[in-house]
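Novice: The structure that follows is given in the form of structure tokens.
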Amino acid sequence: MRRSNCIMLPLKEKDRPIVKKLLEAGCCARCVLRFCCLGVQSAYRQSYEDTAKELCAFISDSESNECQDAAVLEQHTEDPPSKKIKMDAAETDVQSEGDSAVVPTVMEEGDAKPADSDVCAVCLGVLQEFCDEAYAIKISDVVKAKNYQFDTMVLSVSLPAQLSVREHSCWLHVKKEVREKSICLDKDDVIQVKEAFKWTMQGLVSKELGGVPVVTKISRQTEQFEVGVGFTHPETDSDCHFLAGICSDCFRPTKNKQNVFTRMAVVKALEKVSDEKFLKKFPCPPTRPARKCIAQDAQCLHVSVFVAGRYNKFSRTLPQTPWVIDGERRMESSVEELIAAPLLSSFRAEGFNFSSSGREDVDVRTLGNGRPFALELLNPHRARFNKAEVRQLQETINQSSDKIRVRDLQIVSRDAMGHMKEGEEDKTKSYTALIWTQKAIDKDDITFLEETKELKLAQKTPLRVLHRRPLAVRERVIHTMSTCFLDTHHFHLKLRTQAGTYIKEFVHGDFGRTKPNLCDLLKTETDILELDVDSVDVDWPPSIPE
């Protein structure tokens with residue numbers, strides 16, 4: 001009896017010989033639909049048993065009532081326990097004895113070898129065993145356990161690279177039938193395994209998650225939470241290896257690539273290899289494997305959330321980032337850690353990346369409106385905060401330490417992050433430096449500095465940063481200077497400079513590596529005792545009224 005939710009497959013007469021040939025070749029019911037270029041999503045969503053029944057009925061209209069997919073149908077209809085899905089790789093050790101996924105060998109009378117297994121020769125069981133409610137429950141259980149906050153979920157799938165080889169083999173098998181019957185069929189019209197899987201599963205997963213929309217394509221604006229499922233099939237891993245001997249240029253090892261047989265590399269090779277060479281190296285149709293794919297643990301990932309603001313640094317013993325030399329930490333904290341700690345906790349993020357508009361030395365304070373910064377919070381489990389909650393986060397940061405203060409804290413987009421780096425060379429910064437002079441001076445000795453405008457410097461990479469920056473001569477400009485006389489050996493020097501100017505080196509000369517320098521201008525040895533950043537002239541992030 002046909003189940004009530006069964007639909008009539010929209011197959012045509014031209015599909016009949018293709019269906020028969022595919023079933024005989026060991027394709028599962030859903031792979032048959034794919035090779036018939038059936039793009040009706042509802043056809044893939046009906047139960048596997050119903051699809052198999054309809055295909056049998058479809059070909060039996062003109063043939064005797066035989067169907068090579070009967071073993072699959074029998075297993076799915078009469079032996080439900082074999083459909084138990086094991087998501088944990090440890091639970092799906094298909095090598096172990098007694099695994100319910102392994103089809104027992106059946107010896108028919110007169111047979112000289114065991115009968116073929118019922119695992120699909122093309123999808124390796126992905127569309128047979130992992131496209132039902134049981135697997136949807138496994139996926140949703142993982143998502144619920146992770147406790148993410150999301151409105152829409154993107155479902156993605158990673159498949160073994162050898163599926164492309166097997167699909168190509170099956171296509172060549174069908175291609176011959178298509179030509180003989182003068183049927184118009186294009187390989188590009190074949191539905192991909194990934195698409196069929198997503199069509200089948202997205203509604204089932206959505207149901208298990210209480211109706212949350214599950215989509216199959218990522219849009220940065222709307223879909224920000226992704227759940228990825230992956231499959232492996234060790235038994236057929238070597239299927240791709242023959243391609244390396246034919247198209248070696250497609251499988252060149254690289255420093256960061258552990259496995260050269262990636263899906264993209266295999267697809268590229270298949271586009272280059274001729275049918276004749278392929279058929280000499282790989283069976284057509286592909287042989288059925290003994291075991292189905294192994295499902296890996298589902299992986300959840302929320303897109304990064306970006307938080308921006310401005311910070312003041314009031315300490316002369318606090319680095320901007322953790323100060324580690326030769327593996328040993330030199331100072332107990334840093335600006336980025338003081339800012340990041342409350343944000344990591346509140347967003348329940350797994351990590352962060354800190355960036356800022358320039359940086360100050362550990363002994364330099366940042367005053368005024370502060371320095372623009374941004375944190376990329378990685379894989380946050382919570383992403384939605386209203387303005388009041390963000391303001392409370394800012395207060396939490398400010399109350400955690402008297403060494404820093406944050407203002408204008410806000411959630412921004414990834415694209416907005418670019419504003420912080422725009423005009424990196426053209427923006428200006430203002431400083432106040434406490435200067436010492438070896439020679440005794442009076443007020444008149446320094447007033448000429450205020451008349452010096454647009455002073456051009458040639459600065460070699462400072463000795464103190466040469467270990468981490470390339471040797472180069474950089475042209476920089478000091479736009480204006482003003483002075484405040486303190487005593488015969490000290491004065492305050494205020495400067496407005498082009499971003500990237502090394503102020504300390506301008507003052508003491510860095511052994512002549514900065515020309516001209518303050519020593520040259522005052523004709524005496526000078527040094528810098530204290531330095532403050534008064535302003536970083538970047539109009540970002542937008543100011544938020546206190």
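In full-length UniProt numbering, the protein residues as written are 1 to 546.
From the three backbone atoms N, C-alpha and C, an ideal C-beta is built for every residue, glycine too.
1) So which of 192, 227, 191 has the shortest CA-CA distance to residue 202?
2) With 16 as the cutoff for other CB atoms within 10 Å, does residue 189 come out buried or exposed?
3) Taking Cβ positions, are residue 505 and residue 459 nearer each other than 8 Å?
4) Among 498, 421, 454, 298, which residue has its Cα nearest to the Cα of residue 157?
5) By the three-class DSSP mapping on this structure, what secondary structure does residue 616 have?
6) Considering Cα atoms alone, identify which of 480, 496, 318, 433 is closest to residue 486.
7) With a 10 Å radius around its C-beta and 16 neighbouring C-beta atoms as the bar for buried, classify residue 429 as buried or exposed.
8) Can you confirm whether the region 307 to 318 touches the region 116 to 133 when touching is taken to mean that 3 or more C-beta pairs between the two stretches lie within less than 8 Å?
9) Could you tell me which residues DSSP puts in a beta bridge with residue 329?
10) Taking the continuous alpha helix (DSSP H) assigned at residue 398, which residues delimit it?
11) Considering only their Cβ atoms, is the gap separating residue 417 from residue 565 smaller than 8 Å?
12) With distances taken from CA atoms, which of 465, 59, 123, 16 is nearest residue 292?
13) Quick one, are the C-beta atoms of residue 37 and residue 128 less than 8 Å apart?
14) What residues match up with residue 149 in a beta bridge as DSSP calls it?
15) Between 507, 404, 370, which has its C-alpha nearest residue 534's C-alpha?
16) Counting Cβ pairs closer than 8 Å, one from the region 264 to 274 and one from the region 232 to 252, do we hit at least three?
17) How would you call residue 308, buried or exposed, if buried means at least 16 neighbouring beta carbons within 10 angstroms?
18) Residue 372 lies in the beta strand (DSSP E); which residues open and close that run?
19) Is the beta carbon of residue 364 closer than 8 Å to that of residue 531?
20) Taking the C-alpha atoms as reference points, what is the distance between residue 136 and residue 51?
21) In three-state terms, what does DSSP make of residue 523?
22) Which term fits residue 224, buried or exposed, when burial requires 16 or more other beta carbons within 10 angstroms of its beta carbon?
23) Would the region 373 to 387 count as touching the region 148 to 157 if we require 3 or more Cβ pairs under 8 Å?
24) Contact between the region 492 to 503 and the region 472 to 479 is defined here as three or more beta-carbon pairs at a separation below 8 Å; is this criterion met?
25) Quick check on residue 229: does DSSP put it in helix, strand or coil?
26) Using the Cα positions of residue 405 and residue 442, report the straight-line distance between them to the nearest angstrom.
27) Classify residue 469 as buried or exposed, calling it buried when 16 or more other Cβ atoms lie within 10 Å of its own Cβ.
28) With distance defined between alpha-carbon atoms, name the residue in 121, 172, 175, 208 nearest to residue 138.
29) Is it buried or exposed, residue 437, if we count other Cβ atoms within 10 angstroms and call 16 or more buried?
30) Between which two residues does the alpha helix (DSSP H) harbouring residue 275 extend?
31) State the DSSP-derived secondary structure class of residue 407, mapped to helix, strand or coil.
32) Please name the residue in 141, 173, 130 whose C-alpha comes closest to that of residue 18.
33) Is it right to say residue 547 is buried, meaning 16 or more other beta carbons lie within 10 angstroms of its own, or is it exposed?
34) Should residue 80 be labelled buried (16 or more other beta-carbon atoms within 10 Å of its own) or exposed?
35) Rounded to a whole number of angstroms, what is the C-alpha to C-alpha distance between residue 517 and residue 523?
36) Measure the C-alpha to C-alpha separation of residue 543 and residue 407 and round it to an integer number of angstroms.
Specialist: Put simply:
1) Here residue 202 refers to the residue found at position 202 when the sequence shown is read from its first residue. Nearest of 192, 227, 191 to residue 202, Cα basis: 227.
2) Residue mapping note: residue 189 aligns to position 189 of the sequence shown, counting from 1. Residue 189 should be labelled exposed.
3) Within the sequence shown, residue 505 is the residue found at index 505, counting from 1. Within the sequence shown, residue 459 is the residue found at index 459, counting from 1. Contact flag set, yes.
4) Here the question's residue 157 lines up with position 157 in the sequence shown. Comparing Cα positions, the closest option is 298.
5) Residue 616 is absent from the model: the chain starts at 1 and stops at 546.
6) Looking up residue 486 in the sequence shown gives position 486. Residue 486 has its Cα closest to that of 433, out of 480, 496, 318, 433.
7) The sequence position of residue 429 within the sequence shown is 429, counting from 1. A buried status is given to residue 429, since no fewer than 16 other beta-carbon atoms sit within 10 Å of its beta-carbon.
8) Counting Cβ pairs under 8 Å, fewer than three are found: no touch.
9) In the sequence shown, counting from the first residue as 1, residue 329 sits at position 329. Among the bridge pairs identified by DSSP, residue 329 is matched with 324.
10) The residue given as residue 398 occupies position 398 in the sequence shown. Note, residue 398: alpha helix (DSSP H), 387 to 400.
11) Shown here, the chain extends from 1 to 546; a query on residue 565 therefore has no answer.
12) As a first step, residue 292 is located in the sequence shown; it is residue number 292 there, counting from the start. Nearest neighbour of residue 292 by Cα position, chosen from 465, 59, 123, 16, turns out to be 123.
13) Along the sequence shown, read from residue 1 onward, the residue named residue 37 stands at position 37. Along the sequence shown, read from residue 1 onward, the residue named residue 128 stands at position 128. Cβ distance not < 8 Å, so residue 37 and residue 128 don't count as in contact.
14) Your numbering for residue 149 matches position 149 in the sequence shown. Note: residue 149 sits in no beta bridge, so no partner.
15) Position 534 of the sequence shown, counted from the first residue, corresponds to residue 534. Residue 370 is the option with its Cα nearest to residue 534.
16) When C-beta atoms of the region 264 to 274 are compared with those of the region 232 to 252, three or more pairs fall below 8 Å, so the two segments count as touching.
17) Walking along the sequence shown from the start, residue 308 turns up at place 308. Taking every protein chain shown into account, the CB of residue 308 has 16 or more other CB atoms within 10 angstroms, so this residue is buried.
18) Mapped onto the sequence shown, residue 372 falls at position 372. For residue 372, the uninterrupted beta strand (DSSP E) run begins and ends at 365 to 378, by DSSP.
19) To locate residue 531, count along the sequence shown from 1; it is residue 531. To locate residue 364, count along the sequence shown from 1; it is residue 364. For residue 531 and residue 364, yes; Cβs fall inside 8 Å.
20) For the purposes of this step, residue 136 is identified with residue 136 of the sequence shown, where counting begins at 1. For the purposes of this step, residue 51 is identified with residue 51 of the sequence shown, where counting begins at 1. Rounded to the nearest angstrom, the two C-alpha atoms are 19 Å apart.
21) Here the question's residue 523 lines up with position 523 in the sequence shown. In this structure, residue 523 counts as coil in the three-state DSSP scheme.
22) Stepping through the sequence shown from its first residue, residue 224 is reached at position 224. Residue 224 is buried by the Cβ-count criterion.
23) Flag = yes, the region 373 to 387 and the region 148 to 157 touch.
24) Verdict: yes, contact present.
25) The count along the sequence shown starts at 1 and reaches residue 229 at position 229. In the three-state DSSP reduction, residue 229 falls in the strand class (E or B).
26) Indexing the sequence shown from 1 puts residue 405 at position 405. Indexing the sequence shown from 1 puts residue 442 at position 442. Using only the alpha carbons, I get a separation of about 37 Å.
27) For the purposes of this step, residue 469 is taken as the residue at position 469 of the sequence shown. So residue 469 counts as exposed.
28) Start at 1 with the first residue of the sequence shown, and residue 138 comes out as number 138. With distances taken between Cα atoms, residue 138 lies closest to 208.
29) In the sequence shown, counting from the first residue as 1, residue 437 sits at position 437. The residue in question, residue 437, is buried, as its Cβ has 16 or more Cβ neighbours within 10 Å.
30) Position 275 of the sequence shown holds residue 275. Residues 275 to 281.
31) Position 407 of the sequence shown holds residue 407. Here residue 407 sits in strand by DSSP.
32) Counting from one through the sequence shown, the residue named residue 18 turns up at place 18. It is 173.
33) Residue 547 is absent from the structure shown; the chain starts at 1 and stops at 546.
34) The count along the sequence shown starts at 1 and reaches residue 80 at position 80. Any answer about residue 80 is weak, because its pLDDT of 44 lies below 50 and its placement is not dependable; what the coordinates show is given next. By the neighbour-count rule (16 or more Cβ atoms within 10 Å), residue 80 is not buried but exposed.
35) The residue labelled residue 517 in the question sits at position 517 within the sequence shown. The residue labelled residue 523 in the question sits at position 523 within the sequence shown. Looking at the two C-alpha atoms, the distance is approximately 10 Å.
36) Here residue 543 is taken as the residue at index 543 of the sequence shown, counted from 1. Here residue 407 is taken as the residue at index 407 of the sequence shown, counted from 1. Between the C-alpha atoms of residue 543 and residue 407 there is a straight-line separation of about 8 Å.
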